[in-house]
Amino acid sequence: MRFLAKRLAGLVTVLLVASFSVYGLLYLVPGGPLGVLLGPRTPSPEVVAAVKREWRLDEPFLVRYWLWLTDAVGGDLGRSIVYKSEVASLIGSRATTTGLLVLYAITLIVLGGVLAGTVAALRGGWVDTALSALSSAVLAVPAFVVGVVLVIVFALTLGWFPVFGPGDGFGDRIYHLTLPAITLALGIGGYLARITRTSVGGELRSEHVETARSRGLRESTIVRRHVLRNAAIPVVTVTGVNVAGLIASSVVVENIFALDGLGSLFVRAILQRDFAIVQGVVLVLVTAFVLVNLLVDLCCKALDPRLSL
Amino acid sequence: MTLLTISELNLAVPAGRGQWRTLVEQVGLSIGPGEAVGLVGESGSGKSMTARAVIGLTPPGARLQGSIRFGGAEILGLRGRALRELRARRVAMIFQDPRAHINPVRSVGDFLTEAMTAHLGLTAKAAAARAVRLLKEVGIGDGERRLRQYPHELSGGLLQRVMIASVLAVEPELILADEPTTALDVTTQSEVMAILDESRRERGTAMLLITHDLELAAATCDRLAVMYAGRIVEHYTETPRHPYTVGLLRSRPDLFVRPDRLHVIPGRPVAAFEAGAGCAFAPRCPHTQPVCLEARPPLAGDVACVRVEELA
Amino acid sequence: MLQSSRSAPFALTGGRAGTVAAAFLLALVTATILAPVVAPHDPDLPDLFNALGGSTAAHPLGGDALGRDVLSRLLYGGRTTLLGPVLIIAVSTVLGTALAITAAWWGGKVDAVVSRVLEVLFAVPGIVFALVTVAVLGPGIPGVVTGLAVAYTPYVARVVRGAALRERNLPYIAAAWVQGRSGWAICTRHLLPNLRPLIVAQSVSGLGFAMVDLAAISFLGLGVQPPEADWGLMVKSGLDSAMRGNPMEALGAGLLIALVVASVNVLGDRLGRQS
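From first to last, the protein sequence lines are chains A, B and C. Residue 202 in our numbering sits at position 202 of the first sequence, with consecutive numbering throughout. To get our numbering, take the position in the second sequence, counting from 1, and add 309. To get our numbering, take the position in the third sequence, counting from 1, and add 621.
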């Protein structure tokens, strides 16, 4: 319980600092917030006054930050100057695509990477060699290169998968998200396969497993109760760290496949200098990142009684 | 009628490119029911491998020859179900380092009851009750609390008692104790050894004690076998005669005599595959003669030394 | 032993994989430096007859959408693609090492503050941090390099701080202290040289990550700006070209990035094991 309280306090601190920096961004931009809001045109004094009123630019900085933060906590992230609509609803409609993509990728990573690594460690021999070679190969290729190659091979050449777009209805959506999810999953899946293989292999040779063998337990029982259970700790840690990273990589992958998720919204907002969206997306991404990390820590603590933090 | 009879045991492990490394050579040893035998030697002498061969815990790919009979039946090379049954109920092993040999992420209770529920068909509740009784027997009073704790919360001495309790739980006929006190603090060593010896005597369980400590073995065991470079060089009960055993005994500090210098055996111990053609101990022996270098001395009588009669 | 600096040069050779990787990188760097000499064409010269053209004797890898020679663009594009990560790593290594050694040397409050700051920076994924920097400074190499350099600083600082703390507690540091050496002298003459193998290994491993992130941001259109040639950008424009018939641009640039990252990782692994 104390652990949780401590972690939550840390989480709130990180979010406060992040939100403050994100809000302060607007003031670092050459021209300041007014320049950003007005864009390249030369406006009449009336327009300037109206913009200043709407964005409360006459208030002191800290007051404005406080108003913005309380609004953000209440779900109001301001209005986009390009889309002329609520940032929260813009983000909300796209978060589903990104969330689905990341979940799909996690499923592939865990099923593919962990399974492959476990099989490699338990089987050994040529299976092990083949899987090690494969995982080293996929590890070196950046996600966006994988994505482009997958598009060229499976969508353009073989025509098995659609090239772009999110699809309609759940089944079609999954179908459309398959290549993007593989793109997102491949590198980390390969890495996780390695980690799992090392971890399971290490436990198989460990002393406490020798004790279990000396007791005449079935090999299947030993693998389940002692090998996999113990090997899961580093695997969960590494999965967690990388899942958090997935959230960031999805920005790039969405752009390859023209998926209208948070990442695409983010990149477009940067190009259009639509700061309300940039702030909103960063806040959402950082929150997700921090929450995933907390979740991973909780899982590890549940798995490993030696952790007392 | 003996319980365990090892005869002409050879063990070699692959060393790559079709080469083999011999670790145990021509070892013969027997233990009667309820008897305690000490197998003494320095690290690398093959004593631990000999014990592991009894329950098939040899390194992967190891080549075993000879015979190990237990309760009249051949058990060398047992596999699958038969090997599991032997390990489950009849021969149990206590390892040197309980901290490494007990799964750190499972509770003490889990470690103690695992074998009982798997092999004795006890319910979790009955197994826990029995575990508490066993803990009390090895000198751990607040058993209920200990069962809920994790290995990292217990000291090495307590953990080794837990290991002993877990072995007593299945009531085996033979306990293989591999350096059971070496990893412990000096202050708890004798206590843990006493508990192990007492509990096994009460149950009439036989024990093979593997140790590098001659005095500990002599104090606990009915008979001793001394190993050097993969071979047994001497069997004895009271007074050793082999130059190696004599040297080992002399290199221990005596409480009552203050020597000017502690006796040391020069050189370092060798493994079986490193030994030359003659007596493996010859390069370090103070009594070496050309005859010692001709052939590996056989275990004649109870001593493997060609000069033993002259030296007596 | 007061000065236990491990002065052995960073053995890049030894082991076949390491040698191959080092040779490949050396050849590639030479080729991009000599691009004006070895490139068959002007990388920025459009040639409508070569637009999306396949492999010919004059254009071994064909042309891009504007008919510019793909091979020449790859050679020239290697310059920014390879130089960018070096800049990023140089800046983040200097910043991270300085922070780490300050924190480890002073300990106490200084260490606590530095650690907290690093913790917060860790809460933001590197690429997101870099994208935010781009949002402020505008698209282009300066913004991306600044953003990634700052984003990588905490990773360098964490590793170096751990090692510096261990090293600081070694007796030779105390011995130097007792002899009346100043903290600055001990840090620069003893601590830093002893941490050097670790820092170098860390930097080489970081190069791979920096290269992937930089190329990804260029791929998104926020890094290197057209018409400049860059591998990340070429993967992006190559995707369009691939849909219209010539996959060579995307595959060539993608393959080069993958090979460079793989080589750098092999070298990083070797150095990591040696340090």
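Built from N, CA and C at the ideal position, the CB exists for glycine as well.
Here Arg-509 (chain B) is buried. Its C-beta has 16 or more other C-beta atoms within 10 Å. Here the region 516 to 535 of chain B lies against the region 348 to 357 of chain B, with 3 or more beta-carbon pairs under 8 angstroms apart.
Against chain B, the CB of Asp-304 (chain A) has a partner CB under 8 angstroms away; the residue lies at that interface.
With at least 16 other beta carbons inside 10 angstroms of its own, Pro-760 (chain C) counts as buried. Among the residues facing chain A, Val-501 (chain B) is not included, as its CB has no counterpart in that chain under 8 angstroms away.
DSSP lists B:Leu-313 and B:Ala-382 as the beta-bridge partner residues of Phe-379 (chain B). Within chain A, Arg-215, Gly-216 and Leu-217 have C-beta atoms less than 9 angstroms from the C-beta of His-428 (chain B), given in sequence order. Nearest in C-alpha terms to Pro-661 (chain C), of all of C:Thr-718, C:Gly-684 and C:Leu-669, is C:Gly-684. Partner residues in the beta bridge of Met-402 (chain B), as assigned by DSSP, are B:Leu-485.
Val-735 (chain C) is a Cβ neighbour of Leu-720 (chain C), given a cutoff of 8 angstroms.
The CB of Phe-379 (chain B) never comes closer than 8 angstroms to any CB in chain A; the least such distance is about 14 angstroms. Contact annotation for Met-402 (chain B) against chain A: Ser-214 [CB-CB distance below 7 angstroms, chain order].
Your pair Leu-177 (chain A) and Ser-250 (chain A) does not check out as a contact, with CB atoms roughly 11 angstroms apart and the cut at 8 angstroms.
Ile-182 (chain A): member of the alpha helix (DSSP H) spanning 169 to 204, first to last residue.
Between Ala-871 (chain C) and Ile-152 (chain A), the gap from beta carbon to beta carbon is short of 8 angstroms. Val-757 (chain C) and Leu-25 (chain A) do touch by the CB rule: their CB atoms are close to 6 angstroms apart, below 8 angstroms. Within 7 angstroms of the CB of Ala-770 (chain C), no CB atom of chain A is found; the nearest one sits about 17 angstroms away. Under the three-state reduction of DSSP output, Ser-824 (chain C) falls in the helix class. With contacts defined by Cβ atoms closer than 8 angstroms, Leu-841 (chain C) and Pro-847 (chain C) do not form a contacting pair. In its chain, beyond the 5 residues on either side, Ser-339 and Arg-378 have a beta carbon closer than 6 angstroms to the beta carbon of Thr-314 (chain B). Look at Val-745 (chain C) here: in three-state DSSP terms it is coil, with no helix or strand label. Counting only residues of its own chain and dropping the five nearest sequence neighbours on each side, His-461 (chain B) has a CB closer than 7 angstroms to the CB of Pro-413. By the 16-neighbour rule on beta-carbons within 10 angstroms, Thr-651 (chain C) is exposed.
Taking a C-beta distance under 8 angstroms as the contact criterion, Pro-595 (chain B) and Ser-354 (chain B) do not qualify as a contact pair. Bridge partners of Ile-541 (chain B) according to DSSP: B:Met-536. Short of 8 angstroms from the beta carbon of Gln-598 (chain B), and not among the five residues preceding or following it, lie these beta carbons of its own chain, in chain order: Arg-616. Contact with chain C is absent for Leu-131 (chain A), since none of that chain's Cβ atoms lies less than 8 angstroms from the residue's Cβ. Contact annotation: in the region 369 to 394 of chain B, residues whose CB is within less than 7 angstroms of a CB in chain A are Arg-393 and Glu-394.
Among the residues of chain A, those whose CB is under 8 angstroms from the CB of Leu-366 (chain B) are Glu-210, Arg-213 and Ser-214, following chain order.
Of all alpha-carbon atoms in B:Ala-586, B:Glu-603 and B:Gly-465, the one lying nearest the alpha-carbon of Thr-496 (chain B) is that of B:Gly-465.
Counted as a single uninterrupted DSSP element, the stretch harbouring Ala-155 (chain A) is not any alpha helix (DSSP H), since DSSP gives it neither H nor E. Thr-520 (chain B) is bridged by DSSP to B:Val-349.
Linking Leu-204 (chain A) to Leu-444 (chain B) through their CA atoms gives a straight-line distance of about 29 angstroms. For Glu-344 (chain B), no pairing in a beta bridge is given by DSSP. Neighbours of His-226 (chain A) across chain B, judged by C-beta separation under 7 angstroms: Asn-412. Closest by C-alpha distance to Pro-369 (chain B), out of B:Val-476, B:Pro-323 and B:Thr-491, is B:Pro-323.
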